[in-house]
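A.B. asks:
Residue numbers (the working numbering): 2 to 772.
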């Protein structure tokens with residue numbers, strides 16, 4: 002259970018702001034002395050004693066939690082030192098803490114088996130044992146030479162330095178297997194007891210949300226924190242300032258519940274231990290919010306790996322349609338002290354070398370030459386949310402793909418309004434408009450589907466995420482992700498008709514994300530990321546919508562419905578699961594085959610988050626999960642595991658996994674020429690689009706689902722455009738929308754010019770007898 006930490010009152014905000022100038026100056030001087038040149042900012046990635054680690058939450062690529070200091074390719078990482086009595090004079094040496102020898106490139110992407118002794122400086126500085134010696138000396142004070150623990154610890158450190166010379170940089174060292182390791186940890190424990198932590202000087206992480214860096218509201222929510230420390234969260238997304246005291250050594254990480262790929266992290270180091278501390282036990286805010294694991298658990302390594310893949314743009318995947326590209330992400334070549342389930346200390350000499358081996362990294366991304374043998378129908382639009390263009394300060398373009406020839410036909414950046422992080426799209430009944438949400442803003446933007454010309458913007462509320470239309474009225478329904486409602490707007494988004502509250506009176510704001518509408522326009526389901534439930538609107542023809550609630554897992558983020566509106570599926574982002582929710586009579590299938598009201602489809606059923614062992618493929622951090630228009634398959638995009646889960650709605654079981662790229666995120670179905678459907682899949686941290694045929698042989702069984710094509714999302718020389726992409730071309734694939742709309746209820750309203758391109762079965766997806 003997270004402890005809520007509301008934003009401070011105005012007087013405290015003023016006090017924080019007055020302190021910032023002095024703190025920022027001190028940090029800048031300190032880092033300049035250490036050889037860093039941070040971007041001028043009040044933010045800082047280094048903290049010790051009274052110096053806080055400061056984050057600004059921003060709209061900017063890879064710097065969503067911005068310290069103002071780039072450390073190993075990311076601006077979202079901070080370091081701090083746990084203050085101990087008698088060690089107050091120990092300098093905050095960021096170079097030493099993060100193993101910055103001045104030549105970090107020499108220490109990253111090392112060949113497997115590289116031993117420490119052949120690297121610059123050898124094992125002493127590379128594992129920070131020289132700084133440990135300094136801390137041991139300081140802990141003894143002026144009479145330290147008389148303290149046997151000090152002298153024995155220094156002897157043990159010298160012995161460990163020698164023993165590690167021939168140790169591979171990427172292989173964990175179980176210190177309990179080394180006699181000197183056992184004795185060293187005992188001596189350090191004795192010194193720690195004499196130099197207790199000074200809690201009054203515990204490091205502080207400060208977070209600021211506000212213009213001009215952030216045009217929207219956010220949360221600061223603990224994702225990982227040391228066992229024994231307190232997490233942080235807020236009752237709702239906010240603008241302003243919050244802070245957290247970091248009382249225990251170890252790894253702290255935060256996310257925004259509204260925009261969950263916004264990540265920040267701080268490592269609080271105990272100077273009287275070897276390496277940087279991850280802590281003994283860590284709490285992961287997943288599977289109900291209190292998953293306690295040892296710090297060497299596989300899930301910790303998975304999440305840390307994703308942190309650097311997400312927050313360091315240099316680690317994003319860049320594909321080409323014509324040539325292969327080598328992809329080898331980099332991580333801090335820093336020594337990390339972890340602990341196993343028995344609380345045995347495990348020293349990782351180099352995190353970068355360890356991850357290179359653990360995750361088998363350093364691969365060639367093949368040229369994307371495969372195209373579907375059968376063309377699609379119409380077009381698909383994908384938001385390349387990270388793409389930067391010449392005429393804007395905010396990222397993102399809407400990208401149109403011609404699915405007859407599989408080329409990028411148009412990009413829409415709308416520089417005249419500085420379109421901000423376009424996230425998801427839909428169209429009107431006649432196909433005249435594209436309705437585009439701006440996720441880091443408060444606008445719903447409308448542009449011409451054929452020309453890309455701006456039509457209008459409509460201010461709807463904080464962080465609009467997804468948009469769909471009602472099949473009966475053609476009104477828009479827009480989820481206000483940073484708020485507490487779904488906005489119903491007039492056709493064409495000419496004005497707001499009503500606001501549908503997504504929580505009961507007295508409940509905290511629900512922060513709905515990716516909703517779905519029923520085939521008759523009467524029902525809607527919203528996943529409420531802040532309340533861990535789903536809002537079920539049973540009758541939208543009623544003024545209130547007739548709100549009820551459905552049970553979900555943790556941080557539900559996306560939904561879909563069966564074409565007959567009998568049941569819905571909800572992706573539980575932190576629950577690592579999918580919920581099946583009946584919308585009327587019991588419609589979900591239990592594992593025993595009986596009909597039940599609600600079912601959890603566990604994506605971790607085969608995975609042990611501690612050991613990492615798995616009896617088969619598994620998923621994690623699921624996001625979009627559309628149901629095919631004929632109700633034969635549900636496809637689930639998994640960000641953690643970079644794969645796609647295939648669920649059979651007849652059994653509500655996962656029957657297959659397909660590979661996906663870094664940040665696998667968006668999926669939507671479009672028509673396949675001659676019959677059937679293609680699902681188009683986007684990835685946030687890759688410039689690729691995958692095409693999935695969920696039922697290649699047409700037998701109604703999705704077990705043979707396959708990837709049948711793949712290509713880049715890049716703006717190309719022949720692409721029609723209103724602004725030139727200058728960075729992160731094709732990156733940030735999130736919302737996916739295929740036109741014509743082929744889902745039941747919408748396809749029956751298709752204009753004649755596109756209806757003629759569809760088969761009778763596609764026009765009647767659940768009524769085959771009509772054909």
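Ideal placement from N, C-alpha and C gives every residue a C-beta, glycine not left out. Just so we're clear, the structure is a prediction, and the values are computed from it rather than from any experiment.
Is the beta carbon of residue 296 less than 9 Å from the beta carbon of residue 252?
C.D. replies: Position 295 of the chain shown, counted from the first residue, corresponds to residue 296. Position 251 of the chain shown, counted from the first residue, corresponds to residue 252. Their beta carbons are under 9 Å apart, which means residue 296 touches residue 252 by this criterion.
A.B. asks: Within 9 Å of any Cβ in chain C, is that where the Cβ of residue 569 sits?
C.D. replies: This model lacks chain C altogether, as it is built from one protein chain only.
A.B. asks: Can you say whether residue 310 is buried or exposed, counting buried as having 16 or more other CB atoms within 10 angstroms of its CB?
C.D. replies: Translated into positions along the chain shown, residue 310 becomes position 309. So residue 310 counts as buried.
A.B. asks: Cutting at 8 Å between CB atoms, please list the residues of its own chain near residue 661, excluding the five before and the five after it.
C.D. replies: Locating residue 661 in the chain shown gives position 660, where the first residue counts as 1. Around residue 661: 638, 639, 643, 644, 645, 682, 684, 691.
A.B. asks: Can you name, in chain order, every residue of its own chain whose Cβ lies under 6 Å from the Cβ of residue 124, other than the five neighbours on each side?
C.D. replies: For the purposes of this step, residue 124 is taken as the residue at position 123 of the chain shown. Result list for residue 124: 117, 162, 165, 166, in chain order.
A.B. asks: Is the Cβ-Cβ distance between residue 766 and residue 630 less than 9 Å?
C.D. replies: Numbered from its first residue, the chain shown carries residue 766 at position 765. Numbered from its first residue, the chain shown carries residue 630 at position 629. Cβ atoms of residue 766 and residue 630: closer than 9 Å.
A.B. asks: Quick check on residue 505: buried or exposed, where buried means 16 or more other Cβ atoms within 10 Å of its Cβ?
C.D. replies: Taking the first residue of the chain shown as 1, we reach residue 505 at position 504. Result: exposed.
A.B. asks: Might you give, ordered along the chain, the residues of its own chain that have their beta carbon closer than 8 Å to the beta carbon of residue 33, omitting 5 neighbours on each side?
C.D. replies: Indexing the chain shown from 1 puts residue 33 at position 32. Model confidence at residue 33 stands at a pLDDT of 29, short of 50, so the residue's coordinates are unreliable; what they give is reported in the following sentence. None.
A.B. asks: Which residues mark the beginning and the end of the beta strand (DSSP E) in which residue 132 is found?
C.D. replies: One-based indexing of the chain shown puts residue 132 at position 131. Element bounds for residue 132: not the beta strand (DSSP E) but the alpha helix (DSSP H), 130-140.
A.B. asks: Considering only residues of the same chain and omitting the five flanking positions on each side of residue 186, which have a CB-CB separation below 7 Å?
C.D. replies: If you number the chain shown from 1, residue 186 lands on position 185. Excluding positions up to five away in sequence, the list reads 176, 346.
A.B. asks: Check whether the region 589-597 and the region 661-675 touch, using three or more Cβ-Cβ pairs below 8 Å as the test.
C.D. replies: No: the two stretches stay apart, fewer than three of their Cβ pairs being nearer than 8 Å.
A.B. asks: Could you pull the DSSP bridge partners for residue 603 from this structure?
C.D. replies: Taking the chain shown and counting its residues from 1, one reaches residue 603 at position 602. Per DSSP, 578.
A.B. asks: Can you list, in chain order, the residues of its chain with a C-beta nearer than 7 Å to that of residue 776? Leave out the 5 residues immediately preceding and following it.
C.D. replies: The question about residue 776 has no answer, for the chain in this structure spans 2 to 772.
A.B. asks: Taking 7 Å as the limit between beta carbons, can you name the residues of its chain near residue 157, skipping five residues before and five after?
C.D. replies: Taking the first residue of the chain shown as position 1, residue 157 is located at position 156. Counting only Cβ-Cβ distances below 7 Å, and skipping sequence neighbours, we find 181, 184, 185, 188.
A.B. asks: Under a three-way DSSP split, which group does residue 681 fall into?
C.D. replies: For the purposes of this step, residue 681 is taken as the residue at position 680 of the chain shown. Of the three classes helix, strand and coil, the one that applies to residue 681 here is strand, per DSSP.
A.B. asks: Does the distance from the CB of residue 468 to the CB of residue 455 come in under 9 Å?
C.D. replies: The residue labelled residue 468 in the question sits at position 467 within the chain shown. The residue labelled residue 455 in the question sits at position 454 within the chain shown. For residue 468 and residue 455, no; Cβs fall outside 9 Å.
A.B. asks: What residue range is occupied by the uninterrupted alpha helix (DSSP H) comprising residue 356?
C.D. replies: Walking along the chain shown from the start, residue 356 turns up at place 355. First-last of the alpha helix (DSSP H) with residue 356: 352-359.
A.B. asks: Using beta-carbon positions only, say whether residue 242 and residue 207 come within less than 9 Å of one another.
C.D. replies: For the purposes of this step, residue 242 is taken as residue 241 along the chain shown, with counting starting at 1. For the purposes of this step, residue 207 is taken as residue 206 along the chain shown, with counting starting at 1. Yes; because the gap between Cβ atoms is below 9 Å, this pair is in contact.
A.B. asks: Is it buried or exposed, residue 234, if we count other Cβ atoms within 10 angstroms and call 16 or more buried?
C.D. replies: Taking the chain shown and counting its residues from 1, the one referred to as residue 234 is at position 233. Buried is the call here.
A.B. asks: For residue 556 versus residue 530, is the C-beta spacing smaller than 9 Å?
C.D. replies: For the purposes of this step, residue 556 is taken as residue 555 along the chain shown, with counting starting at 1. For the purposes of this step, residue 530 is taken as residue 529 along the chain shown, with counting starting at 1. A contact, by the Cβ cut-off of 9 Å.
A.B. asks: Would you call residue 616 buried or exposed, if buried means 16 or more other Cβ atoms sit within 10 Å of its Cβ?
C.D. replies: Numbered from 1 along the chain shown, position 615 holds the residue referred to as residue 616. Exposed, because fewer than 16 other Cβ atoms sit within 10 Å of the Cβ of residue 616.
A.B. asks: Kindly list the residues whose CB is nearer than 6 Å to the CB of residue 100, restricted to its own chain and excluding five residues on each side of it in sequence; keep chain order.
C.D. replies: If you number the chain shown from 1, residue 100 lands on position 99. Note that residue 100 scores a pLDDT of 43, beneath 50, so its modelled location is shaky; the value from the coordinates is reported in the next line. So the list reads 334, 335, once near-sequence residues are dropped.
A.B. asks: Could you give the DSSP three-state label for residue 215: helix, strand or coil?
C.D. replies: Within the chain shown, the letter at position 214 stands for residue 215. If DSSP states are grouped into helix, strand and coil, residue 215 belongs with coil.
A.B. asks: Considering only the alpha carbon of each residue, which of 150, 74, 152, 168 lies closest to residue 119?
C.D. replies: Position 118 of the chain shown, counting from 1, holds the residue named residue 119. Checked all of 150, 74, 152, 168; the closest Cα to residue 119 is 168.
A.B. asks: Please report the straight-line C-alpha distance between residue 484 and residue 464, rounded to a whole angstrom.
C.D. replies: Here the question's residue 484 lines up with position 483 in the chain shown. Here the question's residue 464 lines up with position 463 in the chain shown. Rounded to whole angstroms, residue 484 to residue 464 spans 8 Å at the Cα level.
A.B. asks: So, for residue 773: in the same chain, excluding its five sequence neighbours on each side, which residues have a beta-carbon less than 7 Å away from its beta-carbon?
C.D. replies: Residue 773 lies beyond the stretch modelled for the chain, which goes from 2 to 772, so this question has no answer here.
A.B. asks: Would you tell me roughly how many angstroms separate the C-alpha atoms of residue 424 and residue 418, rounded to the nearest one?
C.D. replies: Position 423 of the chain shown, counted from the start, is the residue given in the question as residue 424. Position 417 of the chain shown, counted from the start, is the residue given in the question as residue 418. The alpha-carbon atoms of residue 424 and residue 418 are separated by roughly 16 Å.
A.B. asks: Quick one: what's got a C-beta closer than 7 Å to residue 756's C-beta in the same chain, skipping five residues either side?
C.D. replies: Position 755 of the chain shown, counting from 1, holds the residue named residue 756. Cβ within range, chain order: 764.
A.B. asks: Enumerated in chain order, which unbroken segments of the alpha helix (DSSP H) with a length of 4 residues or greater are wholly contained in the region 216-274?
C.D. replies: Here no run is fully enclosed.
A.B. asks: Who pairs with residue 534 in a beta bridge, going by DSSP?
C.D. replies: Counting from one through the chain shown, the residue named residue 534 turns up at place 533. In the DSSP output, where bridge partners are listed per residue, residue 534 has 529, 552.
A.B. asks: Does the Cβ of residue 380 have 16 or more other Cβ atoms within 10 Å, making it buried, or fewer, making it exposed?
C.D. replies: The sequence position of residue 380 within the chain shown is 379, counting from 1. Buried, since its Cβ has 16 or more Cβ neighbours within 10 Å.
A.B. asks: By how many angstroms is the C-alpha of residue 626 removed from the C-alpha of residue 750?
C.D. replies: Position 749 of the chain shown, counting from 1, holds the residue named residue 750. Position 625 of the chain shown, counting from 1, holds the residue named residue 626. Spanning the two alpha carbons is a distance of roughly 24 Å.
A.B. asks: Going along the chain, which residues of its own chain have a beta-carbon closer than 6 Å to the beta-carbon of residue 407, five neighbours each way excluded?
C.D. replies: The count along the chain shown starts at 1 and reaches residue 407 at position 406. Counting only Cβ-Cβ distances below 6 Å, and skipping sequence neighbours, we find 372, 712.
A.B. asks: Which stretch, first to last residue, makes up the alpha helix (DSSP H) that contains residue 146?
C.D. replies: Residue mapping note: residue 146 aligns to position 145 of the chain shown, counting from 1. Run containing residue 146: none; DSSP gives neither H nor E here.
A.B. asks: DSSP beta-bridge partners for residue 561?
C.D. replies: Along the chain shown, read from residue 1 onward, the residue named residue 561 stands at position 560. Looking at the DSSP assignment, residue 561 forms a beta bridge with 570.
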